[in-house]
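I have placed the structure first, in the form of structure tokens, so that the comments after it can refer back to it.
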Amino acid sequence: MDAKKRMDQFRTMFQRIIDPLGYKFSPDTELVDFLLEQEVMLEKEKGSPFCPCQGLKGEREYDMKLVCPCIPFHRDHYDAMKRCWCGLYVHKDVEDPDELVQISKKDFEASRNKC
Ligand code: SF4
Numbered sequence: 027m028d029a030k031k032r033m034d035q036f037r038t039m040f041q042r043i044i045d046p047l048g049y050k051f052s053p054d055t056e057l058v059d060f061l062l063e064q065e066v067m068l069e070k071e072k073g074s075p076f077c078p079c080q081g082l083k084g085e086r087e088y089d090m091k092l093v094c095p096c097i098p099f100h101r102d103h104y105d106a107m108k109r110c111w112c113g114l115y116v117h118k119d120v121e122d123p124d125e126l127v128q129i130s131k132k133d134f135e136a137s138r139n140k141c
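If you read the sequence shown in my numbering, its first letter stands for residue 27, the second for the next number, and so on.
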């Protein structure tokens, strides 16, 4: 199957998963195309559409939590940023993704421990 067709399949499949979670594809269509293309390549190479922005460890349990969309496994963190780590998905009410701030996992955990 060619990459473009697989990207379209990902759009349809992922939309069904992210919609009930309160997310949508980013309005930044260039970024969306780029990331989906990367995921098609990762699927070809590694067997699953792993996250293009997060490193795999080679440990199955850890790595499977980085198969896109990984939102359910990182929900609190991503909800705090209103975006997933890569920015492929944003909260439904986000109109300008450039206004969102990326918070490292470490900083997010630290801010939670203060509460
Ligand atoms: S951070 Fe975003 S693009 Fe990366 S796997 Fe998770 S949901 Fe997909």
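Where a beta carbon is used, it is the ideal one built from N, C-alpha and C, also for glycine.
Cβ-based neighbour list, residue i, same chain, cut-off 8 angstroms, excluding 5 preceding and 5 following
i      : result
Arg101 : Leu47
Whole-number beta carbon distance between residue j and residue i, since they are thought to touch under 8 angstroms
i     : j      : result
Val66 : Arg32  : 5 angstroms
Ser52 : Leu114 : 6 angstroms
Cβ-based neighbour list, residue i, same chain, cut-off 6 angstroms, excluding 5 preceding and 5 following
i     : result
Phe40 : Pro95
Phe6  : The structure shown does not extend to residue 6, since the chain is modelled only from 27 through 141, so no value can be given for it.
Asp54 : Pro123
Residue i and residue j closer than 8 angstroms at C-beta
i      : j      : result
Arg109 : Pro123 : yes
Pro75  : Glu69  : yes
Ala29  : Glu71  : no
Outcome for residue i when other beta-carbon atoms lying within 10 angstroms are tallied against a minimum of 16
i      : result
Val116 : buried
Tyr104 : buried
Tyr49  : buried
Spatial neighbours of residue i in its chain, beta-carbon cut-off 7 angstroms, leaving aside the 5 residues before and after
i      : result
Ile43  : Pro95
Val127 : Met107
Lys118 : Gly48, Tyr49, Lys50
Discussion item. Give me the pocket residues for ligand 1, defined as CB within less than 5 angstroms of any heavy atom, sorted by chain position.
Written reply: Cys77, Cys94, Pro95, Cys96, Cys110, Trp111, Cys112, Leu114
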